[in-house]
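Student: Each residue of the sequence shown is one higher than the last, beginning at 5 in my numbering.
Every residue, glycine too, gets a C-beta built ideally from N, C-alpha and C.
Quick caveat: nothing in here was measured; it's all calculated off a predicted structure.
Pasting a structure here, questions to come.
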Amino acid sequence: MLYCRTMNEDQAVSALSALAHSQRLRVFRALVVAGPEGLTPSTLADQLDVARNTLSFHLKELAHAGLVTIEQQGRNLIYRAEYGHMNGLIGYLTEHCCQGGVCEVSESSHCDC
Numbered sequence: 005m006l007y008c009r010t011m012n013e014d015q016a017v018s019a020l021s022a023l024a025h026s027q028r029l030r031v032f033r034a035l036v037v038a039g040p041e042g043l044t045p046s047t048l049a050d051q052l053d054v055a056r057n058t059l060s061f062h063l064k065e066l067a068h069a070g071l072v073t074i075e076q077q078g079r080n081l082i083y084r085a086e087y088g089h090m091n092g093l094i095g096y097l098t099e100h101c102c103q104g105g106v107c108e109v110s111e112s113s114h115c116d117c
């Protein structure tokens with residue numbers, strides 16, 4: 005997989021810090037699953053069984069870290085995962101993996117889901 009966006013250490017720390025909270029990780033994963041259509045806060049709150057004010061706080065943290073975008077559609081806010089930033093984080097974490105060689109997937113990390 006090719007990661008086009010470059011990310012610096014500060015951006016990586018910000019993104020990882022945002023994802024280090026279990027509620028925010030759940031919110032982000034739900035937005036990734038939702039795809040480019042995104043979700044409204046009401047839908048997210050119902051789906052994840054989270055209080056709306058708590059969800060609002062977590063969405064702001066994810067947006068501040070660049071992991072989520074917000075779009076006004078009429079009276080609704082639509083939240084979407086920022087896939088470019090997510091892929092940039094993955095690229096940053098794996099940039100020099102295996103000393104530049106091809107990384108072999110070990111059997112212990114393989115999933116037969």
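(1) In whole angstroms, give me the CA-to-CA distance for Leu59 and His100.
(2) Alpha carbons only, please: which of Val36, Thr47, Leu93 is nearest the one belonging to Asn80?
(3) How many angstroms separate the CA atom of Ala49 from the CA atom of Leu66?
(4) When the Cα atoms are used, what is the spatial distance from Gly95 to Ser18?
(5) Do you know how far the Cα of Gly78 is from the Cα of Leu63?
Tutor: Considering the structure as presented:
(1) The alpha-carbon of Leu59 is positioned some 35 Å away from that of His100.
(2) When each option's Cα is compared against that of Asn80, the closest is Thr47.
(3) A direct Cα-to-Cα measurement between Ala49 and Leu66 gives close to 15 Å.
(4) Looking at the two C-alpha atoms, the distance is approximately 15 Å.
(5) As the crow flies, the alpha-carbon of Leu63 is around 19 Å from that of Gly78.
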